[in-house]
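Residue numbers for the sequence shown follow our numbering, beginning at 19 and rising by one. By construction, the Cβ of each residue, glycine as well, lies at the ideal position given by its N, Cα and C atoms. Remarks on the structure that follows.
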Amino acid sequence: MATATKKKSKKNASKSKLGKTGVSSHPVSLEFTEEMKGFVSMPGSFNYQEDYSAGKKAGNYLMFHLTIRVNDTQFFVYDPDETGEAIGWVECQPLGGRFEVEKGVFHCFVDYGKPSANEKHMKYRLFLKNKAGKKITLNGFKKVVDDGILNIWRDTSTLYTTVYEGYVDEKAEPKAKVLAKGILHILEKDFIKQMTTFKSNGRTFSERKDALFRFGELFMGNLWEIYGAQFRKAEPELWRERDIPVFTLDGVKNSKITFHPFTTDDKISLNLVRFQKKESKDVVILMHGLTTSTDMFVMPEHKNLVTYLHENGFTDVWSFDWRGSLRFNYNLFPHRYTLDDIALYDVPAALKVVKDAVGAGKRIHFVVHCVGSISFFMSLFAGKIDGVTSVVSNSVSLTPNVPTWSKIKLAFSPFLMESVFRFPNVNPRWYYLPGLASGKLLSRFVSLFHHECDEPACHMLSLMWGTGWPACYEHANLPDITHRRVGDLFGATSMNYYRHIRKAVGRKAMIKFRPTDGRYDSLPNNYLDKASEVKTPVLFMTGDQNKVFKDSNIIAYETLNRLNPGNKNELFIAEGYGHQDTLMGKKSDKDVFPRIVEFLRKNSNGVKKG
Numbered sequence: 019m020a021t022a023t024k025k026k027s028k029k030n031a032s033k034s035k036l037g038k039t040g041v042s043s044h045p046v047s048l049e050f051t052e053e054m055k056g057f058v059s060m061p062g063s064f065n066y067q068e069d070y071s072a073g074k075k076a077g078n079y080l081m082f083h084l085t086i087r088v089n090d091t092q093f094f095v096y097d098p099d100e101t102g103e104a105i106g107w108v109e110c111q112p113l114g115g116r117f118e119v120e121k122g123v124f125h126c127f128v129d130y131g132k133p134s135a136n137e138k139h140m141k142y143r144l145f146l147k148n149k150a151g152k153k154i155t156l157n158g159f160k161k162v163v164d165d166g167i168l169n170i171w172r173d174t175s176t177l178y179t180t181v182y183e184g185y186v187d188e189k190a191e192p193k194a195k196v197l198a199k200g201i202l203h204i205l206e207k208d209f210i211k212q213m214t215t216f217k218s219n220g221r222t223f224s225e226r227k228d229a230l231f232r233f234g235e236l237f238m239g240n241l242w243e244i245y246g247a248q249f250r251k252a253e254p255e256l257w258r259e260r261d262i263p264v265f266t267l268d269g270v271k272n273s274k275i276t277f278h279p280f281t282t283d284d285k286i287s288l289n290l291v292r293f294q295k296k297e298s299k300d301v302v303i304l305m306h307g308l309t310t311s312t313d314m315f316v317m318p319e320h321k322n323l324v325t326y327l328h329e330n331g332f333t334d335v336w337s338f339d340w341r342g343s344l345r346f347n348y349n350l351f352p353h354r355y356t357l358d359d360i361a362l363y364d365v366p367a368a369l370k371v372v373k374d375a376v377g378a379g380k381r382i383h384f385v386v387h388c389v390g391s392i393s394f395f396m397s398l399f400a401g402k403i404d405g406v407t408s409v410v411s412n413s414v415s416l417t418p419n420v421p422t423w424s425k426i427k428l429a430f431s432p433f434l435m436e437s438v439f440r441f442p443n444v445n446p447r448w449y450y451l452p453g454l455a456s457g458k459l460l461s462r463f464v465s466l467f468h469h470e471c472d473e474p475a476c477h478m479l480s481l482m483w484g485t486g487w488p489a490c491y492e493h494a495n496l497p498d499i500t501h502r503r504v505g506d507l508f509g510a511t512s513m514n515y516y517r518h519i520r521k522a523v524g525r526k527a528m529i530k531f532r533p534t535d536g537r538y539d540s541l542p543n544n545y546l547d548k549a550s551e552v553k554t555p556v557l558f559m560t561g562d563q564n565k566v567f568k569d570s571n572i573i574a575y576e577t578l579n580r581l582n583p584g585n586k587n588e589l590f591i592a593e594g595y596g597h598q599d600t601l602m603g604k605k606s607d608k609d610v611f612p613r614i615v616e617f618l619r620k621n622s623n624g625v626k627k628g
C-alpha cells in the first residue's frame, strides 16, 4: 500500500503572521458530533467490501459516536499537520461491547499516494478500552478520489475500518494483530443531525462564524481540488479504461475455437462459438442470461466453466449467443421480441447447427442460465427441440418468482423507461458515456442509494435485476477485477422481455405472451401443460442468496415432482451464492462446477477427466 504523504499548503503562513489578518488572537475552537454505522468481519481479509458483506451476513454490527474537536481552527486550516481530537465511544458486541475513547485523533484531508492519483484521506485513529480493560485500536479512513462529482456523498460518508488488538500507531500496523475489518457509513438522517451539532467557543458571533467558515472553506476547497479536476479534463479522459479486453477468448487455452453464425426463421443473425479440445461423444451447449453473453463462460480472471468442463472430460463445448446477447445490438433499440421468440426461433435453430456439426450419435447436454434458461425450457416443454440428454438450469426456469420490489419495478419500469424517460434501453454502462448522454444522470442518481461499493455499473445492475445491495451476486464471490468490469460483462436491454417476465410472475408460470397471435400457435399457452411428457433429466440449481429469482428453481423442482413423479431431476442449492456468481464466481470451480460435472457424468457414458 502506498504511504500517506503530506503536502504543505501555500496558505501555510507562520503563526506570527496570523494575528495580522484581523481575526481573533486567541484560539477559537470548533466541534461537531458524528455517528457512523456498519459491519465488520472478524478477523477480516484484504478486501474491505468483502469484509463488510461477510460482517453483515454474520451480524457483526459496529458503530461509533464521536465528537470531533478542533482546538484552534486557524492552525488546523493552515497547517496540514494539525489534527483534531476525537472524543466518544465505539460499540461492537462481538469485539467486547462498548469501548470508550481513551485517545482519538482526526486528520482532515491527508494527501495519499502519488500526486497524479489526486487522492486524499480523512483519517481516524481511536485508542479504545472497555469496562473489562480490553484495549483495541480502530483505524479508519475516508477515501476522497477523483471518481466523479456525484460521488462526493459516497466518498465522504464511507469509512474503511480496521480494528487492531491493543494500542497500535500507524508505524506498528504491519506487525499488529487485526481483529476486524469492514466499512462504516454515515446514514442520511445522521448526517442531517450532524449538521446541527457544530459548536464554537468563540466569544462573539463573528468569531464563531469565522471558525465555521474557515473549516467549511477547508472542507469544500479540498473537495473542489479533487472533484473539480473532472471539469478540467477533456471528455475522452473520462472514458473507462479496461483491465481485460471486451469479448476476449483468452480464458480458454489449448482449444480449437470456431464460430458458427446462422440465421433464424424470423431473420435474426445469431452465433455459436465452439471450444473443442478433442472429439467427444458428449457435447455441452451453454446459454447465457439476458444482456450477458459467451463472455460469462470464458472469463480469464478465474477458472471459467468452459475450461473446467474441458479439464473434466467434456472436451466439446459450445456457447450460444442468442438474441439477448450483449455481443449483438438487438437490445439497444426498442423492439417487441418476447421469450416466445427465443423458444420458437433461437433455440431450435441453434440446436440444429450443433447437431449438423457434430453428427449423429452424440449426447447433447445444456447448461442454461437466467432468461436463457427460461427460454430453453419453454422450447423444450413446447416440443420444439428433442434429443437433449440432460440439462443444468441455473436460477430460474418455468416458475419465475421475484422479490416484492422487483414486482413493483416490473409493473412500472417498462412504461417509465420507454414512454416517460424515452430511453431506448437501460444500460449498466450509462455512467461512463460521454457528455450529457441519455441515462447518465439516472445512473448517477441510482448510485446515491448504493453505498455497498463504488462501481456504478454494479448499482445499475441492481436496478435492472432483482432487489439487493447488490442484487445480482454476492460481492465476496467476485474477483475485484470482475467487479470492476461488470459493465463489460452485462449489456443494455430494451424493455419488452421484462413485460413477458412480469406476465409470467403474475401467473407463477411461464405462459405465452400473445396467445391470440397466430405466429405462435405452435406454442402452448402454458408451458407446463405437457410437463408430464418431458423425460429429460434436469439439475435445478440456485444460490441460497438469490436476490433476482429467489427460490424459482426450487419451486420448479417441486412442481415437476408433482406433475411428473418419478423423474430424474435433482436440486442443488449453492450456499453463500446468489444469482450470477454461481457461474462466474472466483471459487465457482470449487463450490459449484463439480456438482454440474457430477450431474453431466451421471447422464453420460462415464466421462472421465480430460
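To which residues of the same chain is F514 closer than 8 Å at the C-beta, ignoring the five residues directly before and after it?
-> Checking the displayed sequence, the identity of residue 514 turns out to be Asn instead of Phe. Excluding residues within five positions, the ones whose Cβ falls inside 8 Å are P352, H353, R354, Y355, T356, P432.
Do you know whose CA, among F231, M54, S424, Y326, lies nearest K521's CA?
-> S424
What's the gap between the Cα of K548 and the Cα of N582?
-> 9 Å
Given F508 as reference, the closest of Y79, R221, R345, S273 once Cα atoms are compared | R345
From which residue to which residue does the alpha helix (DSSP H) around G246 run?
-> Looking at the DSSP string, G246 is not in any alpha helix (DSSP H), and its letter there is neither H nor E.
Proximity of S630 and N419 at Cβ, strictly below 8 Å | Nothing about residue 630 can be reported from this structure: the residues present for the chain run from 19 to 628 only.
Taking three-plus beta-carbon pairs below 8 Å as touching, is the region 64–73 in contact with the region 210–220?
-> no
If H387 sits next to G484, beta carbons under 8 Å apart, how far is it from one beta carbon to the other, in whole angstroms?
-> H387 to G484, Cβ: 14 Å. No contact.
Is the region 271–278 close to the region 302–309, with three or more CB pairs under 8 Å?
-> no
Count the other CB atoms within 10 Å of the CB of A252; is the residue buried (16 or more) or exposed (fewer)?
-> At A252 the pLDDT is 48, less than 50, meaning the model places this residue with poor confidence; the figure from the coordinates comes in the next sentence. By the 10 Å Cβ count, A252 comes out exposed.
May I ask you to report which of helix, strand or coil DSSP gives M602?
-> helix
Return helix, strand or coil for R517, following the three-state DSSP convention.
-> helix
Round the Cβ separation of E183 and I154 to the nearest angstrom and send it over; I've been treating them as touching at under 8 Å.
-> 6 Å
Please look up how many angstroms separate the CB atoms of P555 and K586, rounded, as I've assumed it's under 8 Å.
-> 4 Å
Work out the CA separation of L601 and Y326 for me, nearest whole Å.
-> 11 Å
Could you tell me whether the Cβ atoms of D339 and V301 are closer together than 8 Å?
-> no
Closer than 7 Å by C-beta to I105: which residues in its own chain qualify, once you throw out the five before and the five after it? Chain order, please.
-> L84, T85, R87, V119, G122
Host alpha helix (DSSP H) of Y66 (start-end) = 66–76
With burial defined as no fewer than 16 other Cβ atoms inside 10 Å of the residue's Cβ, what is the status of G457: buried or exposed?
-> buried
From K526 to T417, what does the alpha carbon distance come to, in whole angstroms?
-> 6 Å
Assess, as a yes-or-no matter, whether the region 48–68 is touched by the region 200–210 under the definition of 3 or more beta carbon pairs within less than 8 Å.
-> yes
Proximity test, L416 beta-carbon vs the ligand NAD heavy atom, cut-off 7 Å | Here there are no bound small molecules, and the ligand NAD is not part of this structure.
Whose C-alpha, out of E470, V406, E109, G536, is nearest the C-alpha of K74?
-> E470
So the alpha helix (DSSP H) L459 belongs to, where does it begin and stop?
-> 458–465
Classification of S218 by the beta-carbon crowding that lies within 10 angstroms, buried from 16 upward = buried
Could you tell me the distance, in whole angstroms, from the CA atom of K149 to the CA atom of R116?
-> 8 Å
Per-residue DSSP class, three states only, for S622 = coil
Exposed unless 16 or more other CB atoms sit within 10 angstroms - verdict on T39 | For T39, the predicted model reports a pLDDT of 44, less than 50, meaning its position is unreliable; a value from the coordinates is still stated below. So T39 counts as exposed.
State the DSSP-derived secondary structure class of C490, mapped to helix, strand or coil.
-> coil
Determine the contact status of I170 and L241, defining contact as a CB-CB distance below 8 Å.
-> yes
Kindly confirm or deny that the region 280–295 and the region 494–511 touch, where touching means at least three C-beta pairs closer than 8 Å.
-> no
DSSP bridge partner residues for Y79 (one or two, in chain order) = F57
Near Y449, which residues of its chain fall below 6 Å by C-beta distance, leaving aside the five closest residues on each side in sequence?
-> S461, P474
Through-space distance from M396 to S540, alpha-carbon basis = 12 Å
How long is the line joining the alpha carbons of C490 and R232, rounded to whole angstroms?
-> 44 Å
Reduced DSSP category for R172 - H, G, I as helix; E, B as strand; rest coil | helix
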